[in-house]
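Input: a single structure, listed below in structure tokens.
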Amino acid sequence: MAEKFHSSSFKDPINRDEVEFSDKGVTFRVRKLIGGTDNFVFYSDISGVEIDNGLFFATVRVIPRARPEIVIKNFTKGDARRIKDLILQNVPSHRPDTFGGPAQGGYPTR
Numbered sequence: 093m094a095e096k097f098h099s100s101s102f103k104d105p106i107n108r109d110e111v112e113f114s115d116k117g118v119t120f121r122v123r124k125l126i127g128g129t130d131n132f133v134f135y136s137d138i139s140g141v142e143i144d145n146g147l148f149f150a151t152v153r154v155i156p157r158a159r160p161e162i163v164i165k166n167f168t169k170g171d172a173r174r175i176k177d178l179i180l181q182n183v184p185s186h187r188p189d190t191f192g193g194p195a196q197g198g199y200p201t202r
């Protein structure tokens, strides 16, 4: 599952952000004029993904557990939705089903 997404070269041709998916997690590369940051996050450590849509481009915010959020900018809206979908498909659910799942204690059902 080695998929890669790059931010748009139209808005910033030199400093393109990158998202790379692997079997165990996601690598986020945020480029700057001098240097940048590489963040690897396991799927199990991700608690949420948000998309901020602009007029042409979108910003993806990944919220890991016990770490500051990771912001990657200037992706097309389609790529941002695909990134969010791929992350959420691989995040294991570690919470009980509160909507429509089997009752876990509480009131008896009839």
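The opening residue of the sequence shown carries number 93 in our numbering; numbering runs sequentially from there.
Virtual Cβ for every residue (Gly too), placed ideally from N, Cα, C.
DSSP places A172 inside the alpha helix (DSSP H), whose first and last residues are K169 to N182. Ranked by Cα distance from D171, the first of V111, I155, I106 and K103 is V111.
Per DSSP, reduced to three states, the secondary structure at D130 is strand. Apart from the 5 residues on each side of it in sequence, Y135 sits with its Cβ closer than 8 Å to the Cβ of K116, G117, V118, I179, N182, V183 and P184 in its chain, given in chain order. The beta-bridge partner set that DSSP reports for P156 consists of I138. In the DSSP assignment, K96 falls within the beta strand (DSSP E) that extends over K96 to H98. In the three-state reduction of the DSSP assignment, E110 falls in the strand class.
Cβ contact annotation for T129 (same chain, cutoff 7 Å, sequence separation greater than five): V122, in chain order. Counting along the chain, the unbroken beta strand (DSSP E) around F120 starts and ends at G117 to R123. For F149, the secondary structure class from DSSP, reduced to helix, strand or coil, is strand. The residue among E142, D109 and F167 with its C-alpha nearest the C-alpha of L125 is D109. The beta-carbon separation of I143 and K176, rounded to 6 Å, stays under the 8 Å limit for a contact.
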